[in-house]
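Number of protein chains: 2
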Amino acid sequence: MAAEPVTRGRPREFDPEEALSAALQVFWTRGYEGASLAELTDAMGITKPSLYACFGNKEALFHKALDLYERDKLCYMRSALQEPTARGVAERLLRGTLQIQTGGNDPRACLGVISMVACTTQAESIKSDVIARRASSDKALVERLERAKAEGDLPVGIEPAALATYLTAVIQGMGVQASGGASPQQLEQLVETTMAMWPTT
Amino acid sequence: MAAEPVTRGRPREFDPEEALSAALQVFWTRGYEGASLAELTDAMGITKPSLYACFGNKEALFHKALDLYERDKLCYMRSALQEPTARGVAERLLRGTLQIQTGGNDPRACLGVISMVACTTQAESIKSDVIARRASSDKALVERLERAKAEGDLPVGIEPAALATYLTAVIQGMGVQASGGASPQQLEQLVETTMAMWPTT
DNA sequence: CCATTTTCATACCGAGCGGTATATAGTGAG
DNA sequence: CTCACTATATACCGCTCGGTATGAAAATGG
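Going down the list, the protein sequences come from chains H and W.
Each residue of the first sequence is one higher than the one before, starting from 2 at the first, in my numbering.
Each residue of the second sequence is one higher than the one before, starting from 2 at the first, in my numbering.
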């Protein structure tokens with residue numbers, strides 16, 4: 002029963018999705034607290050009242066940008082879990098992260114890492130949101146690795162939860178190094194080394 | 002020939018080292034941009050003019066706090082490199098990081114990670130300082146691993162530089178997870194898992 | 001005691017922050 | 001056309017930021 006969109010009043014002159022995408026780029030490069038409303042509205046091509054009318058406030062805008070980030074940029078995580086082997090899962094996760102951090106026009110960093118580490122002053126809600134999302138994706142990874150273990154796809158001595166934490170740490174460390182200006186070659190090498198370390202059944 | 006300290010004028014009423022140590026704690030928990038002068042002066046127990054007279058400005062204060070951090074908190078890195086085996090080096094590096102992030106009253110995070118990731122707005126000099134220090138310690142680690150390789154202490158297929166990047170990534174990932182509220186048990190498990198992955202000769 | 005020098009305490013500065021009040025412009029309904 | 005309604009543009013709000021001017025307080029050398 003979608004109510005038909007009776008347009009009343011003056012129609013807005015911008016596309017909320019495009020504006021949100023522009024906001025995501027700003028948050029991605031500056032972090033939540035580092036992104037000022039001036040930068041945001043400038044990149045989005047709208048004015049402050051328009052932003053507040055459409056998205057609520059800066060915090061709500063960030064949560065929506067985070068939704069978009071997960072949907073568009075982290076989709077490789079879901080598909081990676083469908084690889085047939087645990088090793089394949091790990092490799093696709095690593096290579097997906099590598100691609101985000103070296104390819105395209107996107108900032109060379111990880112929004113999750115930036116937000117989790119950088120939001121100290123206020124913005125407790127921001128940090129807890131990011132942590133909750135991370136926990137959710139971690140849970141999915143653990144479950145996938147437990148399946149792998151049940152399938153005999155992991156060595157006997159390996160705990161799925163521990164392996165998931167480890168893999169997450171490497172991926173986050175990759176984000177830190179990308180933030181610190183590591184070259185694509187270095188990041189690629191990091192992926193190769195991690196895969197070389199991966200336990201063999 | 003140290004000139005004898007002719008005291009002229011009113012003597013200062015605080016100990017610069019204690020004040021700097023207090024400032025380090027603030028930077029460590031808040032990051033560079035997240036730490037306000039009000040928080041800093043409050044924690045240091047001095048006023049703003051005293052801070053500026055003694056330390057220059059916020060940026061100079063941070064650099065000095067970083068010196069103290071390296072000297073007091075990261076000293077385990079130097080000693081870790083003196084372990085007889087590469088495996089011992091890795092384990093001491095990981096356990097040293099673990100101890101910093103779980104023991105004592107210090108903040109559960111890594112100042113280097115916080116500063117490298119969080120300084121986006123201005124503070125390019127802060128970021129480049131942290132990156133330069135990281136590069137210096139990375140270089141020392143690479144050289145140590147090259148020695149290990151020459152001594153037959155590493156498998157033939159392993160590049161020292163790649164292994165150093167990898168180990169650094171795990172350590173930085175550990176810092177991110179500590180920032181995100183990971184439990185000491187999880188971090189301990191991360192160390193164990195990483196050591197289980199470590200290549201055997 | 002006095003002059004000099006340095007520190008300390010208070011108040012203040014311009015700038016930028018997130019957020020909003022107000023007035024105007026553009027739309028469909030009647 | 002008028003009305004109800006909504007988006008836009010501009011100017012503004014209180015607040016905090018990093019940093020400083022000013023004057024009193026505390027020490028030494030003469």
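Ideal Cβ positions, reconstructed from N, Cα and C, are used throughout, including at glycine.
Taking one beta carbon from each stretch, the stretch 42-58 of chain W and the stretch 5-15 of chain W have 3 or more pairs nearer than 8 Å; the two touch.
Contact with chain W is found for T121 (chain H), since one of that chain's Cβ atoms lies less than 8 Å from the residue's Cβ. P108 (chain W) is positioned such that its CB atom lies no closer than 8 Å to that of T42 (chain W). No Cβ-Cβ contact shorter than 8 Å links V131 (chain W) with Q173 (chain W).
The alpha carbon of A183 (chain H) has as its nearest neighbour, out of W:E160, W:A20, W:A170 and W:E34, the alpha carbon of W:A170. Only exposed fits R79 (chain W), as fewer than 16 other CB atoms lie within 10 angstroms of its CB. For the C-beta of Q178 (chain H), the chain W residues within less than 8 Å are, from N- to C-terminus, T166, T169, A170 and Q173. For P108 (chain H), the three-state secondary structure derived from DSSP is coil. Along the stretch 184-195 of chain H, going in chain order, the ones with a CB nearer than 9 Å to a CB of chain W are Q187, L188, Q190, L191, E193, T194 and T195. Exclusion of the five residues before and after L38 (chain H) leaves K49 and K59 as the residues of its chain whose Cβ lies within less than 7 Å of its Cβ. From the listed residues W:L188, W:P161 and W:V177, the smallest Cα separation to K140 (chain W) is found for W:P161. Pairwise C-beta distances place the stretch 100-107 of chain W out of contact with the stretch 118-125 of chain W, as fewer than three of them are shorter than 8 Å. Rounded to the nearest angstrom, the gap between the Cα atoms of A66 (chain W) and P85 (chain H) is 49 Å.
Contact annotation: the stretch 19-35 of chain W does not touch the stretch 147-155 of chain H, with fewer than three C-beta pairs closer than 8 Å. Against T30 (chain W), the close residues of chain H are T121, in the order they occur along the chain (beta-carbon pairs closer than 8 Å). Interface flag for P161 (chain H) against chain W is unset, since no Cβ pair is found closer than 8 Å.
When C-alpha distances from G97 (chain H) are compared across H:D73, H:E40 and H:T8, the shortest belongs to H:D73. For the stretch 112-144 of chain H, the beta-carbon criterion of a distance under 7 Å to any beta-carbon of chain W is satisfied by V114, I115, M117, V118, A119, T121, T122, I132 and R135. In this structure, H:T194 is the residue among H:C111, H:T194 and H:Q100 with its C-alpha nearest to the C-alpha of L168 (chain W). Counting the other CB atoms within 10 Å of its CB gives C76 (chain W) a total below 16, which places it among the exposed residues. Counting along the chain, E92 (chain W) sits inside the alpha helix (DSSP H) bounded by residues A87 to T103. In the three-state scheme derived from DSSP, where H, G and I count as helix and E and B as strand, K59 (chain W) is classed as helix. The three-state secondary structure of Q173 (chain H), taken from DSSP, is helix. Residue contact check for G89 (chain H) against chain W: no CB pair falls below 8 Å.
The beta-carbon distance between A119 (chain W) and G57 (chain W), rounded to whole angstroms, is 22 Å. This is too long to meet the 8 Å contact definition.
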